[in-house]
Amino acid sequence: MTSSNALAYRGIKITLIVLASVGLTIASLRYRQPTHCETLCTDAQSCQTGQCMFGEQRAGFPLPFVQDAEGGSPTSGWGKIGPEDYFYANLGAFALNVAFYSLILWLFQRLLRWLFLSFQI
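Using the working numbering, read the sequence shown as starting at 1289 and increasing by one per residue.
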């Protein structure tokens, strides 16, 4: 492989890893804590099962980067994450999640390469 081909191969590999990491980060929005927020819990009462306080529910893994925006949700969506909350995503946490998943994918492909080369002998 010439040096320009190796550089192009490396660039394609990095691009694919970053794109897959962005996809995994977006897929991590299904991870929500607390999990079962159906109604809003006010300060006057203690929260029951299925109730959350304003801004308590967050989504994303390993770092939550979307949280319930306290004033941006319609009244039916108070206390839980909806499509309107994605506009207020924490881009710093999003970038750190992409970096985390990129590192995991890079280590995984290095492990596969090492295993493949060790069994090839």
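From the three backbone atoms N, C-alpha and C, an ideal C-beta is built for every residue, glycine too.
Check	Outcome
Excluding the 5 residues preceding and the 5 following Lys1368 in the sequence, name in chain order all residues of the same chain whose CB lies nearer than 6 Å to its CB.	Cys1325, Gln1345
Is the beta carbon of Ile1305 closer than 8 Å to that of Ser1390?	yes
If I measure Cβ to Cβ from Phe1428 and keep anything under 8 Å in the same chain, skipping five residues before and after, which residues do I get?	Residue 1428 lies beyond the residue range present for the chain, which begins at 1289 and ends at 1409; the question has no answer from this structure.
Let me check understanding here. Comparing Cα to Cα, which of Arg1320, Asn1385, Leu1395, Gln1397 lies closest to Val1310?	Asn1385
For the alpha helix (DSSP H) containing Ile1302, name the first residue and the last one.	1291-1315
Per DSSP, Gln1355 forms a beta bridge with which residues?	Arg1346
Can the beta-carbon of Leu1328 be found less than 8 Å from the beta-carbon of Cys1340?	yes
Taking buried to mean at least 16 other C-beta atoms within 10 Å of its own C-beta, is Asp1373 buried or exposed?	buried
Please tell me whether Gly1343 and Asp1356 are closer than 8 Å, where the distance is taken between their beta carbons.	yes
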